[in-house]
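Residue numbers (the working numbering), protein chains in the order written: chain A, 1 to 380; chain B, 1001 to 1380. Glycine included, each C-beta is placed from N, C-alpha and C at the ideal position. Worksheet: one structure, shown below.
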């Protein structure tokens, strides 16, 4: 199988990720922070180390402000619902994932006001559209760092500056960038950073997190046992405990730590360079290919390693089915949980075939994908 | 290390659980339900198989009514917040975990009314206390199947009958019973069953679930990508998708499936018998031990394999510390995220030292624990 579905989850993981999960389960299987015994303390150390690694990666100072969640969706729900109150206004973009759009849809029913700004043909927002929509009650701007359909990288540095200047909370969805593109929460003025653990960060599924900036106080989405203030029936008000209830996915967090170590050791610039090269190589192969339409920036410097296409008017499901069944190539067709992106690009009927590359993909695999597309477009 | 902290998380897991997690990560690492390709379909099969195994274990009919969560805390939050509305009344007990008490505390601030009934010296509720507290607006009864501190098994069959008769939703917290005590959701009239995956079910941490009975419609705690109706920005209204947003902990769910298979193959009666024998053996060893106070039923037929004690007036933290440091025995001191249990038992100052056994514990390990306690009580 040639795996080109890394925007859904990265695969394979570095061997050390598998090793870390297994070692944790076999050796330190206990619950961190719940008991005083040696195994539990060692488990707590593993969790704390991963918090520290995330701080190093994102240039954050306080490991206690890294909250573990089971995926980026939970991180986004925690950030959005933990902050917004009735009559608050929020600005977001049409290239957001349903993990932003659906919680906002729900909050609209509870009196939260939303403005969804459009993107240009490349799938990139115009910061002027944010500026002109800011109102007195604008409490939050939510922006994906890069579209999960088009790969288009958004101008989050400028948006971060604008939000800081206006005193608006800035939430960034790093689902497609964490681990594959440099993120410095200070330089970018990010207040809340939601990230999955199992995509670019190379950890196992079932991991993710939310960085909560200084001065941001979020209401909890869930309450329960935290191992702290166990003698009280009120949720603790300090981080990370306030937002981390119940037993954590500690084997997953151990694996996530190993994934981040791999990234820090390899160097995020090297990972980014490799992914840009693969993207460039694929885009080059698609150039002038008859009957194939390419969406998004078509410029590796403006996008992450995600390229979506369509073949003539064939439904994307059909193309992906052939890529899988005939050519043994894994892609993702359909709507990618991003309905407004497809509405904006006019692909709500056909969907798109998404190719997404990772650090372990090779040029040979891209060649195979290009050859397959050439063969497919001839059939229709 | 002699591990007697199975009420926090079971350890070790059966070898096949480790194998399943690793095999999943290496072989089927893709996202179930998000793509059409072969790896994703195989991943979906693994998840569906675990749903089926849970149905078999709990005697449920519809695998789609098994919702995966990251732990029992999330399952309880989903059930409680998904059902209760302002002015609803809920009855629960003082032996609940903070994963019930803290969400209820929060909902009280939003107009939900709560009645917390007490327990007897054995840590068991009296169903009459539920009966006499039922009001016109009583919407839900929440009861732990067994106390996580005292091990005391609650009369859930009778409570289930009462709830069915009165049209009240019955939520059972099976954190201490799922996998080690028979649970038949039909026979017990359970509407909502919350369970962790990493305790008696022998799966990895980061797993859990909620069975949602026919006719129960819960509001979602989180919304996001579900892989279904991906072209819409509204959360789907069917199960399990409505309550399962974002990428699932699929390696964990694969491991959970292997854990449940181990239970079904071994037979839950055999597991229960072994744990009763260990409990009996430990209780026998504690009998007449000078300076040691034992809490709970002190009768294996009335409790799960959880026994809490105190040594004279020594703080439980100190006793657990010595058990760990000197005798290499892992227990859990303090308040076990169950403040009202400790208030009811008068142990809010001292806490308790909790011993909790699992299927892999042996009589020799119990002997070591008894010898250690004999030595400790002599020192004070």
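What are the residues that DSSP puts in a beta bridge with residue 1177(B)?
DSSP output for residue 1177(B) lists no bridge partner at all.
For chain B, is any of its Cβ atoms less than 8 Å away from the one on residue 330(A)?
Judged by the 8 Å Cβ criterion, residue 330(A) is in contact with chain B.
For the stretch 105-123 of chain A, which residues have a CB atom closer than 7 Å to at least one CB atom of chain B, in sequence order?
Closer than 7 Å at the C-beta level to chain B, one finds these residues of the stretch 105-123 of chain A: 105 and 106.
Just the chain B side, please: which residues come within less than 8 Å of residue 31(A) by C-beta, in chain order?
Ordered by position in chain B, the residues that pass the 8 Å Cβ test against residue 31(A) are 1005, 1008, 1009 and 1205.
Taking DSSP as the reference, what is the three-state secondary structure of residue 1041(B)?
Residue 1041(B) falls in the helix class under three-state DSSP.
According to DSSP, residues forming a beta bridge with residue 140(A)
As DSSP reads the structure, residue 140(A) sits in a beta bridge with 90(A) and 169(A).
Show which residues of chain B have a CB atom less than 8 Å away from the CB atom of residue 21(A).
Within 8 Å Cβ-Cβ: 1021, 1022, 1025 and 1251.
If you check the beta carbons only, do residue 320(A) and residue 1036(B) fall under 8 Å apart?
Yes, the pair counts as a contact, with Cβ atoms nearer than the cut-off.
Suppose the cutoff is 8 Å on Cβ atoms and the five residues either side in sequence are ignored; what does the same chain contact list for residue 339(A) look like?
Here the set comprises 98, 101 and 348.
Residue interval of the alpha helix (DSSP H) (run including residue 1317(B))
In the DSSP assignment, residue 1317(B) falls within the unbroken alpha helix (DSSP H) covering 1316-1325.
Measure the alpha-carbon distance for residue 1122(B) versus residue 1341(B) and round it to whole angstroms.
Their backbone Cα atoms lie some 11 Å apart in a straight line.
Quick one, which of 1175(B), 1231(B) and 1017(B) has its alpha-carbon nearest residue 1208(B)'s?
Closest in C-alpha terms to residue 1208(B), from the list 1175(B), 1231(B) and 1017(B), comes 1175(B).
Interface flag, residue 1070(B) vs chain A, CB-CB below 8 Å
Between residue 1070(B) and chain A, the shortest Cβ-Cβ separation is below 8 Å.
Report the three-state DSSP secondary structure of residue 108(A) (helix, strand or coil).
Helix.
Measuring CB to CB, does residue 246(A) end up less than 8 Å from residue 225(A)?
In this structure, residue 225(A) lies closer than 8 Å to residue 246(A) by Cβ.
Beta-carbon neighbours of residue 297(A), restricted to chain B and to distances below 8 Å
Residue 297(A) does not reach chain B, its nearest Cβ partner there being about 23 Å away, counting only Cβ pairs nearer than 8 Å.
Cutoff 7 Å; reference residue 1164(B); Cβ partners in own chain excluding five residues on either side:
Hits under 7 Å: 1189.
Selection from 1143(B), 1148(B) and 1162(B) that minimises the alpha carbon distance to residue 1134(B):
Answer by Cα proximity: 1162(B).
Looking at the structure shown, is residue 193(A) part of a helix, part of a strand, or coil, going by DSSP?
Reduced to three states, the DSSP call for residue 193(A) is strand.
Can at least three beta-carbon pairs, one atom from the stretch 9-16 of chain A and one from the stretch 310-319 of chain A, be found at a separation below 8 Å?
Too few Cβ pairs lie closer than 8 Å, so no.
Let's see if you can read the secondary structure: which residues bound the beta strand (DSSP E) around residue 386(A)?
Outside the displayed range of chain A (1 to 380) lies residue 386(A), so it cannot be described from this structure.
Going by DSSP, what residue range makes up the alpha helix (DSSP H) through residue 114(A)?
No alpha helix (DSSP H) holds residue 114(A); the beta strand (DSSP E) holding it covers 113-117.
Beta-bridge pairing of residue 1003(B) - partner residues as DSSP gives them
For residue 1003(B), which the question treats as bridged, DSSP gives the partners 1330(B).
Reference residue 368(A); option with closest CA among 26(A), 125(A), 355(A) and 43(A):
Checking every option, the nearest Cα to that of residue 368(A) belongs to 355(A).
For residue 196(A), return the contacting residues in chain B, with the cut-off set at a CB-CB distance below 9 Å.
Correct list: 1246 and 1247.
Chain B beta carbons: is any one of them nearer than 8 Å to that of residue 345(A)?
Residue-level contact by beta carbon fails for residue 345(A) and chain B, as no gap is shorter than 8 Å.
Below 7 Å on C-beta distance, what does residue 1340(B) contact in chain A?
Within 7 Å Cβ-Cβ: 233.
Within the chosen definition, does the stretch 327-337 of chain A reach the stretch 2-13 of chain A through at least 3 CB pairs nearer than 8 Å?
Segments in contact, yes.
By Cβ distance below 7 Å, which residues in the same chain neighbour residue 47(A) in space, the five residues on each side in sequence not counted?
So the list reads 32, 248, 250 and 253, once near-sequence residues are dropped.
Within its chain, find whatever has a CB closer than 6 Å to the CB of residue 1370(B); leave out the 5 residues flanking it on each side and keep chain order.
Closer than 6 Å at the Cβ level, and outside the excluded window around residue 1370(B), lie 1285.
For the structure I just gave you, are there three or more beta carbon pairs, one from the stretch 1151-1160 of chain B and one from the stretch 1125-1140 of chain B, closer than 8 Å?
With three or more CB-CB distances shorter than 8 Å, the stretch 1151-1160 of chain B counts as touching the stretch 1125-1140 of chain B.
Starting from residue 66(A) and walking both ways along the beta strand (DSSP E), at which residues does that stretch end?
66-69 is the extent of the beta strand (DSSP E) around residue 66(A).
Quick check on the DSSP output: the alpha helix (DSSP H) that includes residue 1310(B) runs from which residue to which?
Boundaries around residue 1310(B) are those of the beta strand (DSSP E), 1306-1311, since no alpha helix (DSSP H) includes it.
Give a yes or no on whether the C-beta atoms belonging to residue 1212(B) and residue 1229(B) are separated by under 8 Å.
Residue 1212(B) is not a Cβ neighbour of residue 1229(B), given a cutoff of 8 Å.
Show which residues of chain B have a CB atom less than 9 Å away from the CB atom of residue 378(A).
What residue 378(A) touches in chain B: nothing, since even the nearest Cβ is about 22 Å away.
Compare the C-beta of residue 288(A) with all C-beta atoms of chain B and state if any pair is closer than 8 Å.
Judged by the 8 Å Cβ criterion, residue 288(A) is not in contact with chain B.
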